[in-house]
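Trainee: Take a look at this one; I'll ask things after.
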Ligand code: B16
Ligand code: MG
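Okay, structure coming up:
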């Protein structure tokens, strides 16, 4: 019944989620804000300024818009240093096989990442041409959990959301998929991704025929 599969990037196809974590952790600690894996979970799938606001809500001082932009820029420069040496070796196990299986089944393939670095990461991984449509995060007004990004991917792929399967590692991402009216495959822990229709630990367990 599915006609398209729309993938998230960070934490699904490659482990850039860890690089985002490292970059935010350094920033948070420099601002005197405690930062751990549990807090980071809330930031996954949330855009850059939204993530920064969540972190700075825990700070003792207030920040001007200018100061916030400078902090967001510094985080992004650190993140870009961390992804600079990425290559096809950084594809997570099963990612390429999953993309190939979806292609072989004749379905359309989309990418829905709110990261403004997504095109760079896809190029480094060497998989840009495996996607029929990649959402440009710069054109998205509302970060996940809002459905805009998944709905945009479906529209550009020419597929009704009810015929789309979305793949996500983040709580906000699964919420975005469900709000878009799609079927959600969670990647990670079922106790965390409670709204997903099915959860598997990683893409190397991806079996398209199992999802209905
Ligand atoms: P950037 P996704 C998201 O990507 C990340 O999960 C999130 O941690 C990050 O803050 C966001 O991209 C923005 O990234 O600063 O590179 O624009 O999960 O939607 O692929
Ligand atoms: Mg993600």
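Numbering (the UniProt record's numbering), first residue to last: 3 to 214.
Glycine included, every Cβ here is placed at the ideal spot set by N, Cα and C.
On a predicted model such as this, the values are computed, not experimentally measured, just so you know.
On the DSSP letters alone, give me the boundaries of the alpha helix (DSSP H) that residue 176 sits inside.
Mentor: The residue labelled residue 176 in the question sits at position 174 within the chain shown. 173–181 is the extent of the alpha helix (DSSP H) around residue 176.
Trainee: Whole angstroms is fine: what's the gap from residue 83's alpha carbon to residue 120's?
Mentor: Residue numbering aside, residue 83 sits at position 81 when the chain shown is read from its first letter. Residue numbering aside, residue 120 sits at position 118 when the chain shown is read from its first letter. Cα-Cα distance, rounded: 14 Å.
Trainee: Out of curiosity, what's the CA-to-CA distance linking residue 18 and residue 65?
Mentor: The residue you call residue 18 lines up with position 16 of the chain shown. The residue you call residue 65 lines up with position 63 of the chain shown. If you take the alpha carbons of residue 18 and residue 65, they lie about 27 Å apart.
Trainee: Leaving out five residues before and five after residue 49 in sequence, what residues of the same chain have Cβ atoms less than 6 Å from its Cβ?
Mentor: As a position in the chain shown, residue 49 is number 47, starting the count at 1. So the qualifying residues of the chain are 116, 145.
Trainee: Taking the beta strand (DSSP E) that residue 6 falls in, what are its first and last residues?
Mentor: Counted from its first residue, the chain shown places residue 6 at position 4. From DSSP, the beta strand (DSSP E) with residue 6 extends over 6–9.
Trainee: Buried or exposed: which applies to residue 29, given that a residue is buried once 16 or more other Cβ atoms fall within 10 Å of its Cβ?
Mentor: In the chain shown, the residue the question calls residue 29 occupies position 27. If you draw a 10 Å sphere on the C-beta of residue 29, you find 16 or more other C-beta atoms in it, and that means buried.
Trainee: Here's a check: name, in chain order, each residue in its chain whose Cβ is nearer than 6 Å to the Cβ of residue 77, leaving out the five neighbours to either side.
Mentor: As a position in the chain shown, residue 77 is number 75, starting the count at 1. In the same chain as residue 77, and ignoring 5 residues on each side of it, the C-beta atoms closer than 6 Å to its own belong to 25, 29, in chain order.
Trainee: Report whether the distance from the Cβ of residue 66 to the nearest heavy atom of the ligand B16 is below 7 Å.
Mentor: On the chain shown, residue 66 is found 64 positions in, with the first residue counted as 1. Residue 66: no, Cβ never under 7 Å from the ligand B16.
Trainee: Between which residues of its own chain and residue 213 is the CB-CB distance below 8 Å, once the five residues before and five after are set aside?
Mentor: Residue mapping note: residue 213 aligns to position 211 of the chain shown, counting from 1. Closer than 8 Å at the Cβ level, and outside the excluded window around residue 213, lie 4, 167, 185, 187, 199, 200.
Trainee: By Cβ distance, which residues of its chain are closer than 7 Å to residue 80, with the 5 residues on each side in sequence left out?
Mentor: Residue numbering aside, residue 80 sits at position 78 when the chain shown is read from its first letter. Counting only Cβ-Cβ distances below 7 Å, and skipping sequence neighbours, we find 25, 28.
Trainee: Residue 10 and residue 170: beta carbons closer than 8 Å?
Mentor: As a working mapping, residue 10 is identified with position 8 in the chain shown. As a working mapping, residue 170 is identified with position 168 in the chain shown. Cβ distance < 8 Å, so residue 10 and residue 170 count as in contact.
Trainee: Report the residue from 91, 106, 21, 59 whose alpha carbon sits nearest the alpha carbon of residue 211.
Mentor: Counted from its first residue, the chain shown places residue 211 at position 209. Among 91, 106, 21, 59, the Cα nearest to that of residue 211 is on 106.
Trainee: Compare the beta carbon distance of residue 7 and residue 205 with 8 Å and say whether it is the shorter of the two.
Mentor: The residue you call residue 7 lines up with position 5 of the chain shown. The residue you call residue 205 lines up with position 203 of the chain shown. No. Outside cutoff.
Trainee: If we ignore side chains and look at the alpha-carbon of each, how far apart do residue 257 and residue 127 end up?
Mentor: Nothing about residue 257 can be reported from this structure: the residues present for the chain run from 3 to 214 only.
Trainee: Can you list, in chain order, the stretches of the beta strand (DSSP E) that have 3 or more residues and sit fully within the region 65–131?
Mentor: Fully enclosed beta strand (DSSP E) runs of 3 or longer: 110–113.
Trainee: Which whole-angstrom value is the C-beta distance of residue 134 and residue 110, which I expect to be below 8 Å?
Mentor: The residue labelled residue 134 in the question sits at position 132 within the chain shown. The residue labelled residue 110 in the question sits at position 108 within the chain shown. Right, their Cβ atoms sit about 5 Å apart.
Trainee: Is the Cβ of residue 31 closer than 8 Å to any Cβ of chain D?
Mentor: No chain D is present in this structure, which holds just one protein chain.
Trainee: Give me the Cβ distance between residue 103 and residue 208, rounded to the nearest whole Å; I'm assuming they're in contact under 8 Å.
Mentor: On the chain shown, residue 103 is found 101 positions in, with the first residue counted as 1. On the chain shown, residue 208 is found 206 positions in, with the first residue counted as 1. About 7 Å separates the beta carbon of residue 103 from that of residue 208, a gap short enough to meet the 8 Å contact definition.
Trainee: Per DSSP, residue 188 forms a beta bridge with which residues?
Mentor: Within the chain shown, residue 188 is the residue found at index 186, counting from 1. The partner list for residue 188 (beta bridge, DSSP) reads 170, 201.
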